[in-house]
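Numbering (our numbering), first residue to last: 35 to 643.
Structure (structure tokens):
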């Protein structure tokens, strides 16, 4: 009995154990390759365990000794009962074939694992560096996320000190971010270098992108927050400064308002108002500009402070608004004083106008009633003219009296009745009122002494007397030969003159007709000759000449204008003949014939003008 036959059971057990270990190794390496190649993000520590395990399993990757030993032992065990294959029983042959097949399957599996194992070996070191990179960015990401949170969290500084405190905090955030800059730059260089490796895992790009975006977003939000706080701080400075500054123009307006009063001298009042308006406008402009700045700054700081503090902060603005009411009061008072001054101007001017008429009217009445040089008709005419003037002005007194009381009858605290200027206006009005009333009474007495026939006869005589000078002048004009015009412009000017003369004839005929009508109204006709009939005959002769002159000169102007038009057409036609291959001589002859006819007519008309 041989050694193999005696120890078959023990050897078979060792063989099976070695086979199971071989299979276990392949199971383990398959599993670890799966972990290495899995697109899963491990920590560097976790991956180090995987890497160490993988490295340990790959120390005897070929397993040539194991494979040779198993193959040799399989041969030995198959021949344990005989010395050759030919002596093997059928059962032993089948067992040998089965074991051989199992061994070949294990070797084939081993061979199949070589490719993935070699690939994993080529990547495991780089993967290890990438996982280490992933671990290394976490502290930076944590800092950045914390600073981003600080830059985004709600803050509501509602005074200047709180705003300054927030600026200090945000500047600390910026310094913290800046301190991370070297680490961030080093990590980005390292990440880009790892990414350039063809074996770089897909998670690496995500990690790099996440780091880059977080860095950018954190910086942006930090800068936005510091800008917001700096702007808010500036607005707080402006708000605090201007909130105090606005009281300067407001207080100045309040002082100005106390000085406003009615000035009863219109000219002095106008000058005084102009000065007050200029000062008020300057203060108001300054106040409005400051208030606009305050409101702009307040909008920013109250937005940052939040709605909870709005009501509290608006109290300060409301205080300013209450004081700003003085602007409206000043505008209203200045408008009222301006209206008063305008009315006073109108009132005083009206008094001056009445006085300017009143004094000469009194003198005229005295002259009419005492003069021995006035003819009876002139005396009657002057009395009735003066009566008309008085009647025209009397209705003005009542509204002036109402205006005088409205402007001048004021409480003593407004100096309406104690102001000497105001009292002077009232005395002036009363003087004018009494004088005009006295003048009216005297004129009515004088007019009452004149009968209706005397009035009509006076109107007749006055009309004839005023018509005669024009009649004599017009007869002279009618006898004067017209100057013959040398050109169309002179003819047009002459036409205008004869038309004006004709119009004057018609207007003055109305005066003569009025005189005739006044005489016809007399109940008892005068024995004096009626000069209207003679004057009518003289007027008819002058009017006839005036009509003839208008007709002749008008026809002359129309003919001359037509001649000028034809002359221009003839000149243009003659000028075009040299440039024409077939000149239209017939048309030229027609135009020339027409020119001659019109020119002859113009010469004829000119001779009789």
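Note that CB positions come from ideal geometry on N, CA and C, so glycine has one too.
Check: By DSSP, does residue 188 sit in helix, in strand, or in coil?; Outcome: coil
Check: Should residue 467 and residue 399 be called a contact, given that it needs their Cβ atoms to be closer than 8 Å?; Outcome: no
Check: Just to confirm, are residue 525 and residue 519 a CB contact at a threshold of 8 Å?; Outcome: yes
Check: Ordered along the chain, which non-local residues of its own chain (more than five positions away) have a Cβ less than 6 Å from that of residue 331?; Outcome: 269, 272 and 273
Check: Alpha carbon to alpha carbon, how far is residue 61 from residue 52?; Outcome: 14 Å
Check: In or out: residue 381 buried (at least 16 other Cβ within 10 Å) or exposed?; Outcome: buried
Check: Taking the CB atoms as reference points, tell me whether residue 280 and residue 218 lie closer together than 8 Å.; Outcome: no
Check: At the level of alpha carbons, what is the spacing between residue 210 and residue 181?; Outcome: 8 Å
Check: Taking the beta carbon of residue 451 as the centre, do at least 16 other beta carbons fall within 10 Å, making it buried, or is it exposed?; Outcome: Residue confidence for residue 451 is low, a pLDDT of 45 falling below 50, so the modelled location carries little weight; the figure read from the coordinates is stated next. When all chains shown are included, residue 451 counts as exposed.
Check: Beta-carbon within less than 6 Å of residue 361's beta-carbon, same chain only, minus the 5 sequence neighbours each way: which residues are those?; Outcome: 318
Check: Using alpha carbons as the reference points, say which of 574, 595 and 416 lies closest to residue 542.; Outcome: 574
Check: Spatial neighbours of residue 639 within its chain, please: CB distance less than 8 Å, with the 5 preceding and 5 following residues excluded, ordered by chain position.; Outcome: 586, 589, 590 and 593
Check: Run through DSSP, which three-state label would residue 434 get?; Outcome: helix
Check: Compare the Cα-Cα distances from residue 173 to each of 215, 201, 200 and 425 and report the closest residue.; Outcome: 215
Check: Helix, strand or coil for residue 641? Go by DSSP, reduced to three states.; Outcome: helix
Check: If distances are taken between C-alpha atoms only, which option among 463, 497, 440 and 567 comes closest to residue 412?; Outcome: 497
Check: Between the Cα of residue 550 and the Cα atoms of 514, 538 and 499, which residue gives the shortest distance?; Outcome: 499
Check: Throw me the rounded Cβ distance for the residue 298 and residue 465 pair, which I believe falls under 8 Å.; Outcome: The Cβ separation is near 17 Å, so there is no contact.
Check: Taking contact to mean at least 3 C-beta pairs separated by less than 8 Å, is the region 197-204 in contact with the region 252-266?; Outcome: yes
Check: Which residues in the same chain as residue 242 place their Cβ atom closer than 8 Å to its Cβ, once the five residues preceding and following it in sequence are excluded?; Outcome: 222, 225, 226 and 229
Check: Taking the CB atoms as reference points, tell me whether residue 501 and residue 430 lie closer together than 8 Å.; Outcome: no
Check: Could you give the uninterrupted runs of the beta strand (DSSP E) lying entirely in the region 515-554, keeping only those of 3 residues or more?; Outcome: none
Check: If we call anything under 8 Å between Cβ atoms a contact, is residue 29 one with residue 184?; Outcome: Here the chain comprises residues numbered 35 to 643, so residue 29 is not present and cannot be evaluated.
Check: Where does residue 629 sit, in a helix, a strand or coil, going by DSSP?; Outcome: helix
Check: By Cβ distance, which residues of its chain are closer than 6 Å to residue 245, with the 5 residues on each side in sequence left out?; Outcome: 171
Check: Give every residue of the same chain whose Cβ lies closer than 8 Å to the Cβ of residue 395, excluding the five residues on either side of it in the sequence, and list them in chain order.; Outcome: 420, 423, 424 and 473
Check: In terms of residues, what are the limits of the alpha helix (DSSP H) holding residue 298?; Outcome: From DSSP, residue 298 is part of no alpha helix (DSSP H); its letter is neither H nor E.
Check: Does DSSP classify residue 119 as helix, strand or coil?; Outcome: Legend: pLDDT at residue 119 = 48, less than 50; position of this residue unreliable, value from coordinates given subsequently. DSSP places residue 119 in helix when its eight states are reduced to three.
Check: In chain order, what residues of the same chain lie with their CB nearer than 8 Å to the CB of residue 277, ignoring the 5 residues before and after it?; Outcome: 328, 350 and 354
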